[in-house]
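Under our numbering, the first residue of the sequence shown carries the number 2, and numbering increases by one thereafter.
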Amino acid sequence: MEHWFLDSEFPNSEPEKAYFHIIPFPLEETVSYMGGTSQGPKALIDASSQLEQLVEGFGNPGLLGMHTTQAVDCSGDSESSIEKASEAVQLASKFGAIPVMLGGEHSVTNAAIPFLTESFEKGEVGVLQFDAHMDLRDTYEDSKLSHACVMRRVVESGIPLFQVGIRNYSEEDLQARETYGIKYFDASMLYKQKYTGGLDVLKLPQGFPNKLYITFDVDGLDAALMSATGTPDPGGLSWWDAITLLTNLTQGRTIVGFDVVELAPNTLHHAPYTASKLTYFMMGLTGERNS
Ligand SMILES: [Mn+2]
């Protein structure tokens, strides 16, 4: 393999010894606006060579062992690519490792669903989604596997969902939120909260599962910070908003896996680096929460 995550600092751990399996999944099938997500995993991994080993407050996650797998083969249709990625996620779980998928468009999260439904009891694990969009449509442009439908597939599978940073939605998204009883901290609410009680006081609702799978669509971040995505969107999370919310909402819980999706590299190199730093922070957070 030419490059692996943080290869400037750590060897690519053996799969059976690694705490994290980093699975590059360059899926780009149903992108509806600007393309480029197929280049996301490579750009994120390349940028990781600029990271330091330590994550402030969360130690040195690299020492836990990181194994970067071969990129998932996306030469077939979405369905077959998702199936292959799903096998990589299940393999990580078999080795007792935490799966970390690097997208690719948001449809990559579909590959985590079999793991979440088969390895855990119903209601044992919930999905925490950071995103500018709800992604709750039933179908979009004739596809059930579209990035715009991925969270609908999650809730249909009986997995509780909590949404953070949302600021765009359709009538269908809103209805699905109501139908499935999905709770949320939308971006407008977070903005007001920041200047009143502060983000520090926010918690996940009581009764939300103790085990979390986190899906972080980078468009949850503000467009000024993250322009390299299909739909860069104003009014999103700052870096410290994201770090504060990730830290607080996972308090007292464990993290069973996560993905960072929708990076579509452009000519600005801060964006892949930001996504890379976010990924490594989430590894530090996971190591700490699970210890
Ligand atoms: Mn999304």
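Even for Gly, the Cβ is constructed at its ideal location relative to N, Cα and C.
Taking a cut-off of 8 Å on C-beta distances, the segment 133–152 touches the segment 100–109, as three or more cross pairs fall below it. Taking 6 Å as the cut-off, one finds no heavy atom of ligand 1 near enough to the beta carbon of ASP234.
In the structure shown, the three-state DSSP call for THR180 is helix.
Between ASN169 and LEU203, the gap from beta carbon to beta carbon reaches 7 Å or more.
Counting only residues of its own chain and dropping the five nearest sequence neighbours on each side, THR118 has a CB closer than 8 Å to the CB of SER158, GLY159, ILE160. In this chain, the beta strand (DSSP E) harbouring TYR214 covers 212–218.
With a cut-off of 6 Å, the C-beta of HIS107 is classified as near ligand 1, since at least one heavy atom of the ligand falls inside that distance.
Judged by their CB atoms, LEU286 and ALA276 are not nearer to each other than the 7 Å cut-off.
Under the DSSP assignment, PRO115 falls in the alpha helix (DSSP H) whose first and last residues are 114–119.
DSSP links PHE259 through a beta bridge to VAL101, ILE215. Setting aside the 5 residues that flank it on each side, MET67 is surrounded in the same chain by PHE6, LEU7, PHE11, SER14, ALA19, PHE21, ILE23, each with a C-beta closer than 7 Å to its C-beta; the list follows chain order. Of all C-beta pairs linking the segment 251–271 to the segment 170–185, fewer than three are shorter than 8 Å, placing the two stretches out of contact.
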